[in-house]
Amino acid sequence: MQNNSKELALQIARILDAKKAIDVVVLDISHLTIIADYFVIASGNTEIQVRALCDELLKSLRQQGVDVRRQEGYRHGRWVVLDYGDVIVHLFHREDRAFYNLERLWADSLSLSVHGQN
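This note's numbering numbers the first residue of the sequence shown as 1379 and each following residue consecutively.
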């Protein structure tokens, strides 16, 4: 399952990158927790951009038959969380991302390259 999860995480990262998300990262957290295998973290400059990133991701994945299990935070557009099972997507307003700094909290994770192969 983890290989499929990795492929999904990288696909999500590429979709967000193509939509001009800021600082897209994929963290392999599979060795740290059972809640998910991967976090995908990305930012937008405005609440409108965060919601647009969310909309694009939901639409693109739904067209491929991949539906979100749970979604939180869309209305405010400051921090949206999308649960795709083994992949959790965090879309932040850039200021909130700096404040919460998930990358620091999950510092023992393994970072995957969005553009290259890992």
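Note that the Cβ used here is the ideal one computed from N, Cα and C, for glycine as well.
I think residue i touches residue j, with their Cβ atoms under 8 Å apart; what is that distance to the nearest whole Å?
i, j, result
"V1418", "A1396", "Actually they do not touch by this definition, with Cβ atoms about 13 Å apart."
"V1446", "L1469", "Their Cβ separation, rounded to whole angstroms, is 12 Å, which puts V1446 and L1469 out of contact at 8 Å."
Would you kindly work out how many angstroms separate the C-alpha atoms of residue i and residue j, rounded to a whole number?
i, j, result
"Y1462", "R1482", "22 Å"
"E1473", "V1428", "12 Å"
"L1405", "D1464", "12 Å"
"G1443", "N1479", "31 Å"
"Q1449", "H1409", "24 Å"
"Y1416", "E1385", "10 Å"
"E1434", "W1484", "26 Å"
"D1401", "N1423", "11 Å"
"I1407", "N1382", "15 Å"
Please say whether residue j and residue i have beta carbons closer to each other than 7 Å?
i, j, result
"S1438", "I1393", "yes"
"A1399", "L1431", "yes"
"R1456", "H1471", "yes"
"A1414", "I1466", "yes"
Minimum length 4: unbroken alpha helix (DSSP H) runs contained in the segment 1422-1483: 1425-1441, 1472-1478 and 1480-1483
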